[in-house]
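Read the structure below first, then the notes.
Numbering (the UniProt record's numbering), first residue to last: 1 to 431.
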C-alpha cells in the first residue's frame, strides 16, 4: 500500500532527518528564544483518561512506552478479569491540545469485526434458521460476469467453511477483491464506488485457489459473503440483525458501522493516521488521498472489517463467549472454538468461527483476533485464566518501522506482573 519507500526505509530516512533537530548539529546557528518556545509548544503531550483499579499501573506504563515509540496519537485499553471491568483507559500522545482520547472514543475495529459476524451466524444456527453445512450457492444468487463461468467447486463452499477460512480463496495467490475496487470497476464497466454485489459478481467469475475444505487461507471476501447470508436468512440489514440479536442483549450501545471518508466520521470517533497515500475508490477522479480516508471502501467491509467500537465495547462483546447467556448457548460457544476440518497450525492454534484458538488444557484455551487496516491496529484477547483485554490504536504504520503486533506479548506481560487484582467493577460507568 506504500507507493515509495518501505516502512523500514522510511524509518531510516526519517531518523537521519531527525539529526538536524539536535542543538549540536543544527544548521543555521542557535535557535532563537521564539523558536525554542514554538518548539516546546509543539511538543507532544501525554494524556491518560478513564479509570483503573489499584495495582494496574503496569498497563499504563506499557501503553505509554508503546505509543511514544511509534508516535501513536490515540489508543485505548480495557481489561476484564472474571467478568469485571478493571481498567478502562483512553491514551493520547499528541501536539494537538484539543485531542483527548476517552474510554468511550470510537475506533475502527478492522478484522476484530469478524468475531461479531461469527457470533451472528452462530445465533442464526442456534435459532434453527441456518445450517452451517449449507452451500453458499443455495443461499446467495452468485453469478459470474457475462461471458465468464463460475468455478464448479463453488457449490462445496459451506457456511462453516466461510467461517473457518477454508472456502478456497487465498489472497496470497489471487489479490484480495475487497481491495480491488478500481480493477473491479474496470472489469465490470461500472463506475466507482462499487458495491458488494459487484465484488461478488467479479469474484464469482474467478477460479478458486484451493478446493473448498482443503486449505486454511484467511479470506476477507468469505466474511463479506457471510454478511450477505445474515441479511438473506434474517430478512434484516446486517447492522440491524447484529444490533438486535448480539449487541443490545449485552448492553452495548455505542458500536456501529464505520464510514471511510473523514467528513463522515461518527461522533466521538478518533482521527486515523497513516504514512501512505492512495487513489480514491469513492469516485473516478483519480485524486490521491490519505490511504485511511478513501483508498479503500470501509462500507463494503461491514461484516469483515467495518465495525466501530470502544475498547470497553469490544471486551464486553468478547465476554459473551465466557459462558452461556442471552446471546449464545453453550453448544454455540463450543462451536465457535471447534477444531476445523483442516488448517491446524504447526504452532498448535487454529481458526474457529471468528476466533483464533490455542488450547491450554483439555478444557481451556486462549482465543484472540487482531485487526489491521491503514490507520488502524486492534486486538482482542481472551486468556484461559479469565483475563481478557482489548487494545485499539488509530494507526498501524509510522516512520519508526516498529512492529505493532508486539502489543500482544507486552499487554500479556503486564497482566502476568499483576500480583493482586482489584475486585471492583467499572462496567456500570460505561453503558
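Ideal placement from N, C-alpha and C gives every residue a C-beta, glycine not left out.
CA nearest to the CA of residue i, picked from the options
i           : options               : result
residue 315 : 235, 89 and 60        : 89
residue 384 : 327, 101, 169 and 319 : 319
residue 211 : 199, 167 and 241      : 167
residue 299 : 104, 175, 71 and 179  : 179
residue 204 : 172, 355, 146 and 375 : 146
residue 283 : 273, 294 and 274      : 294
residue 176 : 290, 280, 63 and 296  : 296
residue 72  : 400, 421 and 415      : 400
residue 255 : 292, 235, 213 and 306 : 306
residue 98  : 121, 75, 45 and 132   : 45
residue 67  : 308, 93 and 131       : 93
residue 131 : 335, 341 and 257      : 335
residue 49  : 64, 65, 152 and 91    : 91
residue 121 : 404, 403, 332 and 402 : 332
residue 154 : 206, 403, 350 and 325 : 206
residue 117 : 77, 243 and 271       : 243
residue 102 : 262, 271 and 236      : 271
residue 253 : 275, 308, 60 and 277  : 308
Beta-carbon contacts of residue i that lie in its chain and below 6 Å, excluding the five residues immediately before and after
i           : result
residue 194 : 181, 184 and 185
residue 115 : 354, 355 and 369
residue 234 : 241
residue 404 : 377 and 396
Buried versus exposed call for residue i [16 or more other C-beta atoms within 10 Å across all chains shown]
i           : result
residue 107 : buried
residue 431 : exposed
residue 428 : exposed
residue 69  : exposed
residue 310 : buried
residue 232 : exposed
residue 149 : exposed
residue 199 : buried
residue 269 : buried
residue 197 : exposed
residue 423 : exposed
residue 361 : exposed
residue 416 : exposed
residue 173 : exposed
residue 258 : buried
residue 36  : Reliability of the predicted coordinates at residue 36 is poor, the pLDDT of 48 falling under 50, and the value obtained from them is presented with this limitation in mind. Exposed.
residue 189 : exposed
residue 213 : buried
residue 420 : exposed
residue 285 : exposed
residue 367 : buried
residue 398 : buried
residue 323 : exposed
residue 260 : buried
residue 65  : exposed
residue 378 : buried
residue 129 : exposed
Residues near residue i in its chain [Cβ-Cβ closer than 8 Å; skip 5 each side]
i           : result
residue 418 : 55, 56 and 58
residue 327 : 119, 123, 245, 246, 249, 250 and 320
residue 480 : What the structure shows of the chain is the stretch from 1 to 431, and residue 480 is not part of that stretch, so it cannot be assessed.
residue 452 : A query on residue 452 cannot be resolved here, the shown segment of the chain reaching from 1 to 431 and no further.
residue 140 : 200, 225, 228, 229 and 232
residue 187 : 145 and 202
Rounded C-alpha distance that separates residue i from residue j
i           : j           : result
residue 228 : residue 111 : 17 Å
residue 359 : residue 138 : 34 Å
residue 224 : residue 136 : 12 Å
residue 51  : residue 376 : 24 Å
residue 279 : residue 127 : 44 Å
residue 304 : residue 113 : 6 Å
residue 345 : residue 264 : 40 Å
residue 386 : residue 82  : 5 Å
residue 301 : residue 202 : 16 Å
residue 364 : residue 340 : 17 Å
residue 266 : residue 100 : 16 Å
residue 143 : residue 171 : 21 Å
residue 125 : residue 350 : 21 Å
7 Å Cβ shell around residue i - same chain, five flanking residues per side excluded
i           : result
residue 169 : 208, 209, 217, 219, 221 and 222
residue 62  : 410, 411 and 414
residue 238 : 227, 230, 231, 302 and 303
CB of residue i within 7 Å of CB of residue j, strictly
i           : j           : result
residue 425 : residue 85  : yes
residue 388 : residue 80  : yes
residue 381 : residue 407 : no
residue 374 : residue 291 : yes
residue 352 : residue 343 : no
residue 109 : residue 371 : yes
residue 289 : residue 192 : no
residue 393 : residue 75  : yes
residue 95  : residue 42  : yes
residue 273 : residue 395 : yes
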